[in-house]
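Using full-length UniProt numbering, read the sequence shown as starting at 1 and increasing by one per residue. Backbone N, C-alpha and C define an ideal beta-carbon position, used for all residues, glycine too.
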Amino acid sequence: MDELDRSIVQHLLRDARTTYGRIGAEVSLSAPAVKRRVDRLLRSGAIRGFTAVLDPAVLEWDVEAYVWVYCQGAPDPDEVRAQFEDVPEVVQATTISGTADAVLRLQARDTAELERAVRRLRALPTVARTESAVVLSRLIDRPRT
């Protein structure tokens, strides 16, 4: 990945719907040349896809929480991921180092929905216990450029 690729990626991070022509004008390439580079970045996996960035407040997901998950034994990460996928309030899940096995980010309409989601997590066969922290405010929320 060279500097032109990095610049193209930065433009896409700011607005993935921008045209190849507009990006090309900013990085001094033709629109077809930008498209070829984006296609190559997609094929290589550097760009995994394009998505919409949602506003949780507009969608009425007013509660956000982080949940540390402690597993029983040493379950396979794919098995654990499959179980977490069945809980729609889980919007992000990662395995971590330290005493917990995973940390999850949940979004819910209200605390009652959050509580139901945490109860469903605790009922999973691989989960021994959880610890939760509700987000009060987001201080920084940006894509890495």
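What do you reckon, are the CB atoms on residue i and residue j nearer than 8 angstroms?
i      : j       : result
Val-91 : Leu-114 : no
Pro-56 : Glu-64  : yes
Tyr-70 : Ala-117 : no
Glu-26 : Trp-68  : no
Val-18 : Pro-75  : According to the sequence displayed, residue 18 carries Thr and not Val. Cβ atoms of Thr-18 and Pro-75: not closer than 8 angstroms.
Among residues of its own chain, excluding the 5 on either side of residue i, which ones have a beta-carbon nearer than 6 angstroms to its beta-carbon?
i       : result
Ser-30  : Gly-24
Ile-47  : Leu-41
Val-135 : Glu-64
Thinking residue i and residue j are a contact (beta carbons under 8 angstroms), I'd like their distance in whole angstroms, please.
i       : j       : result
Val-103 : Thr-94  : 6 angstroms
Arg-37  : Asp-5   : 6 angstroms
Val-87  : Leu-121 : 6 angstroms
Report all residues from its chain with a CB closer than 8 angstroms to the CB of residue i; omit the five preceding and five following residues, and keep chain order.
i       : result
Arg-109 : Glu-60, Trp-61, Asp-62, Val-63
Is residue i close to chain C? Criterion is C-beta to C-beta, closer than 8 angstroms.
i      : result
Glu-26 : Absence of chain C from the displayed structure is noted, only one protein chain being present.
Spatial neighbours of residue i within its chain, please: CB distance less than 7 angstroms, with the 5 preceding and 5 following residues excluded, ordered by chain position.
i      : result
His-11 : Thr-18, Ile-23, Glu-26
Label residue i either buried or exposed according to how many other C-beta atoms from any shown protein chain fall within 10 Å of its C-beta, with 16 as the threshold for buried.
i       : result
Gln-83  : buried
Leu-13  : exposed
Val-34  : buried
Asp-101 : buried
| field | Entirely enclosed beta strand (DSSP E) segments - the UniProt domain "HTH asnC-type" (1-75), minimum 3 residues | value | The qualifying runs are 63-71.
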